[in-house]
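**Q** Numbering (the numbering used here), first residue to last: 890 to 955.
1) Which first and last residues belong to the beta strand (DSSP E) in which residue 924 is found?
2) For residue 921 versus residue 950, is the C-beta spacing smaller than 9 Å?
3) For a test of the three-state rule: what should DSSP assign to residue 947, helix, strand or coil?
4) State the beta-bridge partners of residue 892 as determined by DSSP.
5) Within 10 Å of its beta-carbon, does residue 908 have 16 or more other beta-carbons around it, so buried, or fewer, so exposed?
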């Protein structure tokens with residue numbers, strides 16, 4: 890399945906959900922925020938949010954500092 894991740898074409902393979910994509914990208918357990926088609930998706934909904942051909946995903950890493 891072809892989608893966009895942070896503005897770049899990405900082959901998501903057989904990822905059916907946003908949670909599976911997070912795992913494929915190696916971001917499981919990281920402090921991230923995800924936007925799917927310009928809508929923020931809460932972490933609690935990643936596993937149940939389906940992906941479809943042509944979706945646009947933006948991943949933002951939380952950075953701490955002081």
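C-beta atoms are modelled at their ideal positions from N, C-alpha and C, and glycine is treated no differently.
**A** This is what the structure gives:
1) To locate residue 924, count along the chain shown from 1; it is residue 35. Start and end: 921 to 925.
2) Position 32 of the chain shown, counting from 1, holds the residue named residue 921. Position 61 of the chain shown, counting from 1, holds the residue named residue 950. Residue 950 sits close to residue 921, with the two beta carbons spaced by under 9 Å.
3) One-based indexing of the chain shown puts residue 947 at position 58. Of the three classes helix, strand and coil, the one that applies to residue 947 here is strand, per DSSP.
4) The residue given as residue 892 occupies position 3 in the chain shown. DSSP lists 899 as partners of residue 892.
5) Here residue 908 refers to the residue found at position 19 when the chain shown is read from its first residue. Burial call: buried.
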